[in-house]
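In the order they appear, the protein sequences are chains A, B, C and D. For the first sequence, position 60 (counting from the first letter as 1) is numbered 185 according to the numbering used here, and the numbering increases by one without interruption. For the second sequence, position 336 (counting from the first letter as 1) is numbered 759 according to the numbering used here, and the numbering increases by one without interruption. For the third sequence, position 301 (counting from the first letter as 1) is numbered 309 according to the numbering used here, and the numbering increases by one without interruption. For the fourth sequence, position 3 (counting from the first letter as 1) is numbered 502 according to the numbering used here, and the numbering increases by one without interruption. We put the beta carbon where it would ideally sit given N, CA and C, even for glycine. Working notes for the structure below.
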Amino acid sequence: MTGLHGIPVRSETPADPALRGNAIPILHEVRHALERLIATGESTCIDLSSIPFGPGDEERLTAGLGTGEVRAVIDALGPTQVHETAIPGVWLVDYHNAEGERLALHIEIASIPEILRTQPEDLATAIAALDARLEPDQGAPRLQS
Amino acid sequence: MSELTLERGLAALRAEIDGPVAAFFSSCVHCGICATACPFYVETGDPKYTPILKVEPLRRVWKSEFTLWGRLLSTLGLTKKVTDEMLAEWEELIYDSCSMCGRCSLVCPVGNDIQAMVRKTREGMVASGHAPEGLIAASVRAIQTGSPMGLQWKTLQVQIEHVQSSTGLEVPVDKAGVDYLAMLSSMEVINFPEYLEAITKIFDHAGVTWTLSTQCFEATNAGIQIGNKDVAALLVQRVVDAAVKLGVKNVISPECGHAYTAIRWEGPNLIGKPYPFKVFHIIEVLDELRAAGRIKTEGMETDRLSMHDPCNLARKSGVIDQQRNLMNLVADNFVELKEHGKYQWCCGAGGGVSSNERAEPLKLAAFKRKKAQIEEVSPARMVTMCATCRTQLEEGLEEFNMDIPVVGLTEMIADHLVEKA
Amino acid sequence: MTKANKTLGESLREHGVSRRGFLKFCAATASMMALPPSMVPAIAAALEKARRPSVIWLSFQECTGCTESLTRSHSPTVEDLILDVISLDYHHTLQAASGDAAEAAREQAMKENHGSYLLIVDGSLPGPDSNPGYSTIAGISNYDLLMEAVEGAAAVVAVGTCAAFGGLPAANPNPTGAVSVMDLVKDKPVINVSGCPPVPMVITGVLAHYLTFGKLPELDQYHRPKAFFGQSIHDRCYRRPFYDKGLFAESFDDEGAKAGWCLYRLGCKGPSTYNACATMRWNSGTSWPVESGHPCLGCSEPRFWDAGSFYAPLSVPTGANGGTILAAGVTGAIVGGAVAALARKQVKAERADRQPVTVDELEQKL
Amino acid sequence: MSDPMDFLLWTKGPAFEWAIAIFALGLLARLLEIFVIGRRPNYAEPRAGEWGPGMRTVFTRSIADPGTFKSAPFNVVVGWIWHVGFLIVLLLFIPHLELIKSLLGFAWPGLPNPVVDLVTAVTLVALVATLVHRLTHPVKKRISTVEDYVVWGITFLVVLSGYLAYHRVINPYPLALGLHILSAEIFLILLPFTKLTHIFTTVIARWYNGASFGRRGVAS
Chain A
126 MTGLHGIPVR SETPADPALR GNAIPILHEV RHALERLIAT GESTCIDLSS
176 IPFGPGDEER LTAGLGTGEV RAVIDALGPT QVHETAIPGV WLVDYHNAEG
226 ERLALHIEIA SIPEILRTQP EDLATAIAAL DARLEPDQGA PRLQS
Chain B
424 MSELTLERGL AALRAEIDGP VAAFFSSCVH CGICATACPF YVETGDPKYT
474 PILKVEPLRR VWKSEFTLWG RLLSTLGLTK KVTDEMLAEW EELIYDSCSM
524 CGRCSLVCPV GNDIQAMVRK TREGMVASGH APEGLIAASV RAIQTGSPMG
574 LQWKTLQVQI EHVQSSTGLE VPVDKAGVDY LAMLSSMEVI NFPEYLEAIT
624 KIFDHAGVTW TLSTQCFEAT NAGIQIGNKD VAALLVQRVV DAAVKLGVKN
674 VISPECGHAY TAIRWEGPNL IGKPYPFKVF HIIEVLDELR AAGRIKTEGM
724 ETDRLSMHDP CNLARKSGVI DQQRNLMNLV ADNFVELKEH GKYQWCCGAG
774 GGVSSNERAE PLKLAAFKRK KAQIEEVSPA RMVTMCATCR TQLEEGLEEF
824 NMDIPVVGLT EMIADHLVEK A
Chain C
9 MTKANKTLGE SLREHGVSRR GFLKFCAATA SMMALPPSMV PAIAAALEKA
59 RRPSVIWLSF QECTGCTESL TRSHSPTVED LILDVISLDY HHTLQAASGD
109 AAEAAREQAM KENHGSYLLI VDGSLPGPDS NPGYSTIAGI SNYDLLMEAV
159 EGAAAVVAVG TCAAFGGLPA ANPNPTGAVS VMDLVKDKPV INVSGCPPVP
209 MVITGVLAHY LTFGKLPELD QYHRPKAFFG QSIHDRCYRR PFYDKGLFAE
259 SFDDEGAKAG WCLYRLGCKG PSTYNACATM RWNSGTSWPV ESGHPCLGCS
309 EPRFWDAGSF YAPLSVPTGA NGGTILAAGV TGAIVGGAVA ALARKQVKAE
359 RADRQPVTVD ELEQKL
Chain D
500 MSDPMDFLLW TKGPAFEWAI AIFALGLLAR LLEIFVIGRR PNYAEPRAGE
550 WGPGMRTVFT RSIADPGTFK SAPFNVVVGW IWHVGFLIVL LLFIPHLELI
600 KSLLGFAWPG LPNPVVDLVT AVTLVALVAT LVHRLTHPVK KRISTVEDYV
650 VWGITFLVVL SGYLAYHRVI NPYPLALGLH ILSAEIFLIL LPFTKLTHIF
700 TTVIARWYNG ASFGRRGVAS
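If you want it as structure tokens, here you go:
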């Protein structure tokens, strides 16, 4: 039966790994989310940690999305890099812990990622925090650094 | 006086079981293709005539007594037994609707030789007293009088004188040391006397030394038809004794089907040893003579002729080209039936069906397959080389008032012999 | 307010965690529990009010692999918080106290939070009808310790294939008569977090889920959280397209292996193994067995140690089959031969005593 | 046998041993029951040898003669389809090749999975058609016994359970694979005691048939 190799039945595998990984399907999902955002204003968040990425898939995805003009870092329990990709409305939110290890990587398709907004609960304590700075001990108003 | 009982029938069936039977029953997957090759099913459409069903008694004996698994089941009473009622019911299937033509054996996908198993099953039927009356009568007459139709030598003597006077040639009788001992079949002597005249002229023309034997002239074997080796052995022994007494080197089986099978293939095993002589069908001898150039013919049959190969000759004995060579010698408008040679359809009368009056309607039904073949080719005449086939074709064609005469091949050859100078 | 009854929200704020920090914590927790990000607000609300359960961690016949896996869990901030928040009251490897002090702490915690603490077990333990002496702590047999601890537990989390299914100790020949936790604990809910070791995130994920929603996650028939064990490795494997095309690596360094083709022919048990390795991966998302080119061993399934060679494909029988065919063949020959000889003798006998049919017997029939 | 993994390990372990043992033992007994009884000597002068024609028939009988094809096209065509399909799946599906390599020590290259998958689907359809034919065709209806339907059932079950396991339709997978292996084991156990023996005895039967015809000078 060694002649079996002769049978011209070959499974073609696209040489370029980019064509067979999971990067492209995610980009299509982003596209649907963008359509929803434009149509109904509904924002979407995709958690990339539960996607079966093969080696290089993630880099291809982020490269595919590119980088835009906004980049921000939030220092809370470790850095969280947020940047808008080359496609407006598509943001990459990269949560890291104190040791810099990645906690989660989200793609948020929204006008602005939730984490960047000022949180209402923080506002509630904002006045008190400012008052504390305005007259710490009834002396002349001094702004603390 | 001992008599035929179920127990003796079962013993006979057990005696018939061998390796091939075990292989065949282990392989049958009930696919039903054998039915498509059986003229009795094809023309009646009744599924009870399915060939493999006909050998059910043999299968039950094999299953329950010749396999470990079957033996186990039968001790638990789970296997179907062979009863007297069953054998009575199966008589119609194994005799009336089966000419032992062997076409089912040729098409069975898993290679079961169903015809051979029918032959074996009939052994059980006879031993248990379930054989058709017509065949029993033929067997009794064959043993007691020498011919299944009770024909005596003196009747044949009349025909011999008639041939000698009309041809002016001598019909040798009881001549020792000749090349061939010619056998005849009662059917021919009675219905087709031209056969004897034909071989007399041909052998004289070809310079062949031959003889008949008063000790035994009958070639047919009712034992083979009914399916009982005791009767068959006795009848074959007579032929062997006659041949040995005359010291001939070859025996010729006449224009008959089962006679050839009986003497050529079953005979040696019935008497338990090889023959001291060779056995040929008359067609084989004629073709040998033709090939040796010892038959000079003139003139050609010009009307449209077709040929029916007797099953025992073509499919079951491999004599296929010989009759075609002979046919082309004397006919220039010979056209084959669509399925011929080893795939030829049976005329419906062989394997004892013709001697079994009860099977008359079935015999006629089966003939419709042959009728359809003939209509497809629409010949002016039909040629064949077996008395039973010839009778069946004549009666069948007449029944459907188709005006197509039937001719014996030997007779036709004889008509074209060049007169000796 | 003792540490025990402070809500998580208060506790976080006490640590100076901003709202965004809390949101990040909830996002990470959602991701850890393999819940969709849209659940983050619900998780935030739940975590806000979550009570800090006390946790007792009992280790029996285990190799500390599961603890190692938990402490290496790649989100120390979350782990700190959870471990800090959940006030791990007893873990004889991690805790500083030892000897009587450690046992006293455990009894005290069990008494105080009777009925509400979470009991975590790793490692299997000798069953009731085997010699308890095989595994004891401070002279108390594992079995007694477990039964006593289960008494006041709200739920039991069996971490690792040993605790969940008996694991290595229970593998053939199982000298210590080891059994799994769920074999013994019938009256309390048991969550199995199988794997050898389990994916670290799965341990913290289950704790987070219990902490967040105060109840057990949806379990499969092996009592494993469906969020992590609902799908097989095979279904989530990035090499699946190669399986579907029929492209397999035939050896560990052939062209197929280098091209990253499917490892089915090298013994991958992915198709019959349910775990989250293919998506959550190991060592903080660096890789996982198949990605490193090694077939999955099926370590999160029961009796995976006895499921045949790790390098025999899934379709290969586990028994020593060569010998059986031979043995059966020989017996077949002997039995068959005997039966056939018997049959042959019978055939000869039949042929011998087959009574010939005579003419007058035939004539009777006319 | 309570949980799927136990069930799978049971089918791949002891149950497989038993199935192979019963299969080997039963089949060998059956083959010996054929060969040891054997044939009586044939004294008639043969027209040609037996070996050549016998071997020839072993192969030619697979191809139906024109007359049979015209009168039973369904049997021939559908029979061919599902027999060839069944063999392709059994002998060229890569997981099966691994099984064969573990049993016999050697194997051969296989076909890509999607090709085998298509062949399996075709085989299943052909098998269903065969059942319908057996239930409706007058001859088949008359000569069929319970055994025919049991054997059809187990054959269909083996192919179907394999197809469902491959497509992971039944969850959890150990249960699906276990069912497939178990059905194959039942197939093996039934084999020596039913018409499945034809897998091995057809070669013998065809040889005997071919030899008998060949001895009398007919190429069958």
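Residue i - DSSP class collapsed to helix/strand/coil
i, result
"B/E799", "helix"
"C/Y125", "strand"
"B/R717", "coil"
"B/K868", "Here chain B has residues from 424 to 844 only, and residue 868 of chain B is not among them."
"C/N200", "strand"
"D/N574", "helix"
"B/R804", "strand"
"D/G713", "helix"
"B/L604", "strand"
"A/M126", "Interpretation of A/M126 is limited by its pLDDT of 45, a score under 50 that renders its predicted location unreliable; the figure taken from the coordinates is listed afterwards. Looking at A/M126 - three-state DSSP - the assignment turns out to be coil, as it is neither helix nor strand."
"B/C734", "coil"
"B/C812", "helix"
"B/L709", "helix"
"D/E532", "helix"
"D/W607", "coil"
"B/D469", "coil"
"A/I240", "helix"
Cβ-Cβ separation, residue j to residue i (assumed contact under 8 angstroms), whole Å
i, j, result
"A/P180", "A/N147", "Actually they are not in contact, since the Cβ atoms of A/P180 and A/N147 sit about 11 angstroms apart, beyond 8 angstroms."
"C/V189", "C/A171", "5 angstroms"
"C/A284", "C/F236", "4 angstroms"
"B/P691", "D/Y542", "3 angstroms"
"B/M606", "B/V674", "6 angstroms"
"B/R738", "B/R542", "Incorrect: roughly 14 angstroms between the Cβ atoms, too far for contact."
"B/L510", "B/G600", "The Cβ separation is near 49 angstroms, so there is no contact."
Where residue i falls, given that 16 or more other Cβ within 10 Å makes a residue buried
i, result
"B/K765", "buried"
"D/F607", "The displayed chain sequence assigns Trp, not Phe, to residue 607 of chain D. So D/W607 ends up on the exposed side."
"D/N574", "buried"
"B/N756", "exposed"
"A/H221", "buried"
"C/F68", "buried"
"B/E611", "buried"
"D/Y648", "exposed"
"A/T165", "exposed"
"A/P133", "exposed"
"B/K477", "buried"
"C/L334", "exposed"
"B/Q580", "exposed"
Beta-carbon proximity list for residue i, same chain, < 7 angstroms, skipping 5 on both sides
i, result
"B/P802", "R727, L728, S729, V758 and I827"
"B/P699", "V667"
"B/T623", "V586, T590, L592 and V594"
"B/I537", "C457, P474, I475, V478, C527, S528 and C531"
Beta-carbon proximity list for residue i, same chain, < 6 angstroms, skipping 5 on both sides
i, result
"D/A518", "E684, L687 and I688"
"B/R564", "P571 and G573"
Residue i: CB within 7 angstroms of a non-hydrogen atom of the ligand NAD
i, result
"B/N751", "What this structure holds is no ligand at all, so the ligand NAD is not there to describe."
Close-in-space but distant-in-sequence residues of the same chain around residue i (CB under 8 angstroms, 5 per side omitted)
i, result
"B/R545", "I517, Y518, A554, I649, G650 and N651"
message: List, from N- to C-terminal side, the alpha helix (DSSP H) runs of 4 residues or more that fit wholly inside the stretch 147-226 of chain A.
response: 148-165 and 182-190
field: Complete alpha helix (DSSP H) runs within the stretch 488-572 of chain B (minimum length 4 residues, chain order)
entry: 491-498, 507-514, 526-530, 537-550 and 556-568
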